[in-house]
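Under the numbering used here, the first residue of the sequence shown carries the number 79, and numbering increases by one thereafter.
For every residue, glycine included, the Cβ atom is placed at its ideal position computed from N, Cα and C.
Notes to accompany the following structure.
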Amino acid sequence: MKLTLRHLIYAVLALLFARFVYLNRGQLVEIAAVLRSGVWYFLLIVAFLFGLAVQNQGRLYSSIYRLLHLPPERKKLSAIFLVSRFMSVAAPSGGLSGAVPFIQDARRRNLGVGTVLVANLIYLIVWYSTFTLVLLIGLLHLFLVHDLQWFEVAEAIILISFTSLLVAILALAWLAPNWLSAILHRITHFTARIATWLNRPIPLTIAQTEALANELTHTIYLIRHAGWRPALRPFAIALLNELLNLLILFFVALAFGVQMSLGVLVATYSIGILFFLISPTPGGLGFVEGILILVMTSLGIADESAATITLAYRGFTFWLPFILGFFALRRLEQQTKNAKPNIELS
């Protein structure tokens, strides 16, 4: 068998997968022990809801792809979503590694890489915007029960500020594309000066900046001509995903004899996802577990129950996507390999 760069990259990712699992084997053993002690039919419901959530992520990407006139292959996009979750943990690079599987898929299918990047930008805007609604409800509940902490407010401000920046970029492309191009040019010159001063490669060229501005302008044109219903559909799907994720946490708690009230459920979920998004470790490993236990115990859940729920919940929402993402990567590689002979024969 001829060794290619793709085989080498996959081998490196397989080693990273094995290393990450080995280094965190203690937590995996604890999760397995905890899941064995839970009520099996509630855990079965959680597994079913997880499957629905993954499929719904594919629907979300598909709705955005359809809006941008890209082939909306829902099942494939669900698999790529899982791969992106694996990549963001196995090879973290400031959040950029999650977009790599979508870029690779675009190159395989001869799609516009710039358009796919914009699709991922829209995905982030839709996800963060809908999650922010849930987060505000969770923060309000914590405020009303006098349990809102300064670090929770600080992280919420960071997330909302970042979301506002993404929305502002799209708004500029909509209202003043020339302004957006000028701003991006200035940012490019500024980063080029810093890179030169630090003796580092220039991250963005003028040509790449212009291409990005053109893609954003073209995206706005497509959204305008699609109408309001297709443009709002991704937000509806993203809200459904938030509901599915809330139900996952609710039934995980039920599996261990804890029935969360709506306020406790929303507060726990929203703070957990907030620290998942803004954390110095891949996927918030270590930080999310700590904050989930802290929030639940402060809202009246016993320490032991909070720790048990946290381990089981992270097993379903962190470890399961990570492991499935690795195998989805292998499956996509195999599908690509099998598709090549068919193309040559046709």
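Scanning the segment 83-132 for uninterrupted alpha helix (DSSP H) segments of 4 residues or longer gives 83-101 and 103-114, listed from N- to C-terminal end.
Boundaries of the alpha helix (DSSP H) around Leu211: Val191 to Leu222. Distances from the alpha-carbon of Ser348 to those of Gln337, Leu113, Leu300 and Leu321 put Leu321 closest. Residue burial annotation: Pro358 is exposed, with fewer than 16 other C-beta atoms found within 10 angstroms of its C-beta. Annotation: the continuous alpha helix (DSSP H) that includes Ser156 extends over Arg152 to Ala168. Under the three-state reduction of DSSP, Ile235 is assigned to helix. Take Leu130, set aside five residues on each side of it, and the residues of its chain with a beta-carbon closer than 6 Å to its own are Leu322, in chain order. In this structure, the beta-carbon distance from Trp397 to Leu94 does not fall below 8 Å. Around the CB of Tyr206, 16 or more other CB atoms lie within 10 Å, so the residue is classed as buried.
For the set His147, Gly335 and Asp225, the Cα lying nearest the Cα of Gly190 is the one of His147. Bounds of any alpha helix (DSSP H) do not take in Ala177, whose DSSP letter is neither H nor E. Counted as a single uninterrupted DSSP element, the alpha helix (DSSP H) harbouring Trp306 occupies residues Trp306 to Ala333. No residue range can be given for Pro149, since it is assigned to no alpha helix (DSSP H) and is classified by DSSP as neither H nor E. Of Val373, Gly378 and Leu325, the smallest CA-CA separation from Phe126 is found for Leu325. From the listed residues Ala270, Glu382 and Leu213, the smallest Cα separation to Gly350 is found for Leu213. One alpha carbon belongs to Gln135, the other to Leu407, and they sit about 17 Å apart. Separation of Tyr88 and Val178 (C-alpha to C-alpha, rounded to the nearest whole angstrom) is 13 Å. Rounded to the nearest whole angstrom, the C-alpha separation of Val373 and Ala96 is 32 Å. One thing to note: Ala168 has its Cβ no nearer than 8 Å to the Cβ of Leu294. The residues Leu145, in chain order, have a CB closer than 8 Å to that of Ala304 in the same chain once the five nearest residues on each side in sequence are set aside. Out of Gly378, Ala246, Glu367 and Val99, the CA that lies nearest to the CA of Val336 is found in Gly378. The Cβ neighbour count for Gly216, taken over all protein chains shown within 10 Å, is at least 16; the residue is labelled buried. The alpha-carbon of Ala110 is positioned some 34 Å away from that of Ala232. Taking C-beta atoms under 8 Å as the contact rule, His267 and Val344 fail to qualify, at a distance of about 44 Å. Less than 8 Å divides the Cβ of Ala333 from the Cβ of Val117. For Val336, there is no enclosing alpha helix (DSSP H), as DSSP marks it with neither H nor E. When the five nearest sequence neighbours on each side are left out, the beta carbons in the same chain lying within less than 7 Å of the beta carbon of Ile238 are those of Thr210, in order along the chain. Residue state for Gly350 is assigned as helix, using DSSP reduced to three classes. When only Cα atoms are considered, Thr241 and Ala316 end up about 15 Å apart. Only exposed fits Ala260, as fewer than 16 other CB atoms lie within 10 angstroms of its CB. Take the alpha-carbon of Val342 and the one of Leu160: they are about 28 Å apart. For Gly364, the secondary structure class from DSSP, reduced to helix, strand or coil, is coil.
For Phe268, the uninterrupted alpha helix (DSSP H) segment begins and ends at Pro255 to Trp275. Taken through DSSP and simplified to helix, strand or coil, Ser383 comes out as helix.
Pairing Ile298 with Ala251 gives a Cβ-Cβ distance under 8 Å.
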